[in-house]
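>
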Amino acid sequence: MGGESITRTAPHSGGTSTGPVGGRTGQRLSGLAVALGLVLFLGGFAWGAVLYRPYTVPTSSMTPTIDAGDRVLAQRVDGDEVRRGDVVVFTDKTWVSNAPVVKRVVAVGGDTVSCCTDGKLTVNGKALDETYLKGGVVEDKSIPTVKVPKGRLFLLGDERQGSLDSSAHLTDAAQGTVESSAVNARVDAVVWPMKGMLERPAAFEPLGALSSPGPLRTIFFLIVVGGVLVLGGGAYGPVANLFSRRSRVRTEPVGAR
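Each residue of the sequence shown is one higher than the last, beginning at 18 in the numbering used here.
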């Protein structure tokens, strides 16, 4: 009777490999990727937790920029860092007792503000083109001329018709203005639903420098890159093992019949 055997081609190195899957270099690189990814991922979250605070806006006074129920991230800032056009979070007991309020700063200490000239808000004699308003025009908001004292702010909601803002407190001793020190944070982005970063309004540029956006984009980038590195480094071993099994072939006599 003739003999029959079945053979499988062995790798050039011969024998069964006992080294780490994918080789030592690959294992080291995957470990380095995981370690670096964890540093970036956790560091990004830690940095964000130090600089930012989340708020849920309960009313529609800032529509269309921020709708009722939107979740925002606001950078912790001091009052002297606030600029015209900023959307800020502040607490003023004469407005709402111990509750944070979100409004837009339209004038700072030393400014003169009034409304309306041809349907537009006027600051220091300049009629502003407020493109962030619904329809781009002020909705019948009457504000007599107010000189904002030093160290104070004049704030309005983007939904001018129904917003309880500085214009609703004009009869107060401070004529609706709020202490700069009452500001807790400056809104950088609407994160739920995901509307992205708030733009700094160009209407206020002729009146002075605008504030710079916070590092939220950088923080988000670090978290995403860190997550990708952790997942990629962690997946290296299983993927390398899968390809190794498919390519590994040995000579294995089956016997004769």
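Beta carbons are placed, not taken as given, at the ideal position from N, Cα and C, and that holds for glycine.
Everything numeric in this text was worked out from a predicted model, so none of it was measured.
Tell me whether Val113 is buried or exposed, calling it buried when 16 or more other Cβ atoms sit within 10 Å of its Cβ.
Val113 should be labelled exposed.
> Is the distance from the Cβ of Thr139 to the Cβ of Val165 below 8 Å?
Going by C-beta atoms, Thr139 is not nearer than 8 Å to Val165.
> In whole angstroms, give me the CA-to-CA distance for Asp84 and Trp209.
The alpha-carbon atoms of Asp84 and Trp209 are separated by roughly 10 Å.
> Thinking just about the alpha-carbon of each residue, which of Gly126, Val130 and Met211 is nearest to the one in Pro161?
The candidate whose alpha carbon is nearest that of Pro161 is Val130.
> Expressed to the nearest angstrom, what Euclidean distance is found between the alpha-carbon atoms of Gly174 and Thr235?
Using only the alpha carbons, I get a separation of about 29 Å.
> Helix, strand or coil: which one does DSSP assign to Trp209?
DSSP places Trp209 in strand when its eight states are reduced to three.
> Using DSSP's beta-bridge definition, name the partner residues of Pro71.
In DSSP, Pro71 forms a bridge with Leu90.
> Under the DSSP definition of a beta bridge, which residues are partnered with Ile129?
A small fix is needed here, since residue 129 is Thr in this sequence, not Ile. DSSP output for Thr129 lists Lys164 as bridge partner(s).
> Does Glu147 come out as helix, strand or coil in the three-state DSSP assignment?
Three-state DSSP puts Glu147 in coil, outside helix and strand.
> For the beta strand (DSSP E) that contains Phe107, what are its first and last residues?
From DSSP, the beta strand (DSSP E) with Phe107 extends over Val104 to Phe107.
> Suppose contacts are defined by Cβ-Cβ distances below 8 Å. Is Arg101 in contact with Gly213 by that definition?
No, the pair does not count as a contact, with Cβ atoms beyond the cut-off.
> Quick check: Asp87 and Val207, are their CB atoms within less than 8 Å of each other?
Taking 8 Å as the Cβ cut-off, Asp87 and Val207 qualify as a contacting pair.
> Under 8 Å between the Cβ atoms of Gly126 and Lys167?
Cβ distance < 8 Å, so Gly126 and Lys167 count as in contact.
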